[in-house]
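The structure under discussion appears below in the form of structure tokens.
There are 2 protein chains.
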Amino acid sequence: MAKQELSIGALGKLTGTKVETIRFYEKIGILPAPARTAGNYRSYGHDHVRRLTFVRRVRDLGFPLETVRAMLDLADQPDRPCGEVDALVLGQLNEVERKIADLERLRDELDRLAHQCRRGGRVAECRIIEALSPHHEDGHCCP
Amino acid sequence: MAKQELSIGALGKLTGTKVETIRFYEKIGILPAPARTAGNYRSYGHDHVRRLTFVRRVRDLGFPLETVRAMLDLADQPDRPCGEVDALVLGQLNEVERKIADLERLRDELDRLAHQCRRGGRVAECRIIEALSPHHEDGHCCP
DNA sequence: ATGGACCCTGGAGTTACTACAGGGTCAAGA
DNA sequence: TCTTGACCCTGTAGTAACTCCAGGGTCCAT
Ligand SMILES: [Zn+2]
Ligand SMILES: [Zn+2]
Ligand SMILES: [Zn+2]
Ligand SMILES: [Zn+2]
Numbered sequence: 003m004a005k006q007e008l009s010i011g012a013l014g015k016l017t018g019t020k021v022e023t024i025r026f027y028e029k030i031g032i033l034p035a036p037a038r039t040a041g042n043y044r045s046y047g048h049d050h051v052r053r054l055t056f057v058r059r060v061r062d063l064g065f066p067l068e069t070v071r072a073m074l075d076l077a078d079q080p081d082r083p084c085g086e087v088d089a090l091v092l093g094q095l096n097e098v099e100r101k102i103a104d105l106e107r108l109r110d111e112l113d114r115l116a117h118q119c120r121r122g123g124r125v126a127e128c129r130i131i132e133a134l135s136p137h138h139e140d141g142h143c144c145p
Numbered sequence: 003m004a005k006q007e008l009s010i011g012a013l014g015k016l017t018g019t020k021v022e023t024i025r026f027y028e029k030i031g032i033l034p035a036p037a038r039t040a041g042n043y044r045s046y047g048h049d050h051v052r053r054l055t056f057v058r059r060v061r062d063l064g065f066p067l068e069t070v071r072a073m074l075d076l077a078d079q080p081d082r083p084c085g086e087v088d089a090l091v092l093g094q095l096n097e098v099e100r101k102i103a104d105l106e107r108l109r110d111e112l113d114r115l116a117h118q119c120r121r122g123g124r125v126a127e128c129r130i131i132e133a134l135s136p137h138h139e140d141g142h143c144c145p
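Here the protein sequences line up with chains A and B, keeping their order.
Note that this note's numbering has the first sequence beginning at 3, numbered continuously upward.
Note that this note's numbering has the second sequence beginning at 3, numbered continuously upward.
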């Protein structure tokens, strides 16, 4: 492969992306289809490296692919106002903060649950199972 | 529907589960197939209410369905030692703590990113886009 | 010329649901 | 009695973002 031209495997190594993922991004239009060699191998250049690196960075920040697409669009139109970019980042920040709060509540519940078990007993006496089981008697639920 | 017998919709309301989800749980063997009425409607009793409530509680704690299945198995065999239950809970606790740590790192990065944008500019000068873009020059990546 | 590392396409599998489409059932009101 | 609307049935396909596989081709070195 010529200088400045990368095979799909080389591009993957360079960007920390699996080969299948690169082909997937091409199929859904996140990455443009590259040139092909005589043997029908994909052949990537600098623009592809730049674009895929950008995509991976944004993905690693937890943005969905739809947002990646929006950011690529914005990055390609330098004259648009950049408030939209800011809004995307703030939206993701909120999302992440919401998820953290959810998981912290979950962690507290699991922690309480974990302390219920005095190990060594049988399932029949397990407080964890008990705590998870509904105390449901006849007539409690069904009118 | 007779006393003590619930339609799928009533069971859903009682347990906070969508009708489709209940049918899905039946298909994958999480819930046993209930009796049917003359008109071929599913007809649920107390055991179903108890079991589905248990499933939902475990799911709400973030356990995957595979673990739900394991817990149901354990709950059905009261003579097994309960260390296994404890292990499942501790495993999930670790998992949740790992996710929280990941998200906190993400939040910090997003927070830094959000402060880069002095709003009102054009995308061309946006520091967010710049921060996400690789500084990739010719010869930098390709041997 | 032959072996192994790499590449190709197309399709299926993953998780835990959710959303139809195209029908049947049931109870209540006019 | 008829009809209307809420509910139920099955079966299939769609979601997010990949990941894996089968069954083949290409390339390079020995
Ligand atoms: Zn226990
Ligand atoms: Zn009941
Ligand atoms: Zn900006
Ligand atoms: Zn390069």
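Beta carbons: idealized from backbone N, C-alpha and C, even for Gly.
DSSP has Leu-8 (chain B) in a bridge; who is on the other side? B:Tyr-46
For Phe-2 (chain A) and chain B, any beta-carbon pair shorter than 8 Å? A query on residue 2 (chain A) cannot be resolved here, the shown segment of chain A reaching from 3 to 145 and no further.
In angstroms, rounded to a whole number, what distance separates the CA positions of Leu-112 (chain B) and Pro-66 (chain A)? 14 Å
Please report the distance separating the alpha-carbon of His-50 (chain B) from that of Asn-42 (chain B). 18 Å
Do Ala-116 (chain A) and Leu-95 (chain B) have their CB atoms nearer than 8 Å? yes
Sheet register partners of Pro-83 (chain A) (DSSP bridge): B:Arg-124
Less than 8 Å separating the beta-carbons of Leu-54 (chain A) and Leu-13 (chain A)? yes
Heavy atom of ligand 1 less than 7 Å from the Cβ of Gly-123 (chain A), yes or no? yes
Cβ-heavy atom distance between Asp-75 (chain B) and ligand 1 below 7 Å? no
Assuming Ile-130 (chain A) is part of the alpha helix (DSSP H), what are its boundary residues? 129-134
Identify the contact partners of Arg-44 (chain A) in chain B, using a Cβ-Cβ distance below 8 Å as the criterion. Here the premise fails: no neighbours, minimum Cβ distance about 14 Å.
Using a C-beta cutoff of 8 Å, does Gly-11 (chain A) count as contacting chain B? no
Should Cys-144 (chain B) be flagged as near chain A, meaning a C-beta pair shorter than 8 Å? Bear in mind that the predicted position of Cys-144 (chain B) carries a pLDDT of just 48, short of 50, making it unreliable; the figure below should be weighed with that in mind. Cys-144 (chain B) counts as touching chain A.
Going by other Cβ atoms of all chains shown within 10 Å of its Cβ, with 16 needed for buried, is Ile-30 (chain A) buried or exposed? exposed
So what does DSSP say about Ala-37 (chain B), is it helix, strand or coil? strand
At a cut of 8 Å, does the stretch 97-105 of chain B reach the stretch 54-63 of chain A through at least three beta carbon pairs? no
Taking the alpha helix (DSSP H) that Ile-24 (chain B) falls in, what are its first and last residues? 21-29
Against chain B, does Leu-33 (chain A) count as a neighbour if the rule is that its beta carbon must be under 8 Å from one of theirs? no
Cβ-heavy atom distance between Val-87 (chain B) and ligand 1 below 7 Å? yes
Just to check, is the beta-carbon of Arg-129 (chain A) closer than 7 Å to a non-hydrogen atom of ligand 1? yes
Assuming Cys-84 (chain A) and Asp-88 (chain B) form a contact by the criterion Cβ under 8 Å, report the distance between their Cβ atoms to the nearest whole angstrom. Rounded, the Cβ-Cβ distance is 52 Å, inconsistent with contact.
Please tell me whether Ala-77 (chain A) and Leu-90 (chain A) are closer than 8 Å, where the distance is taken between their beta carbons. no
Could you tell me if Glu-68 (chain B) is buried or exposed, where buried requires 16 or more neighbouring beta carbons within 10 angstroms of its beta carbon? exposed
Within a Cβ cutoff of 8 Å, which residues of the same chain sit near Ile-131 (chain A), ignoring the five residues on either side of it in sequence? Val-125
Euclidean distance between Cα positions of Asp-110 (chain B) and Glu-97 (chain B): 20 Å
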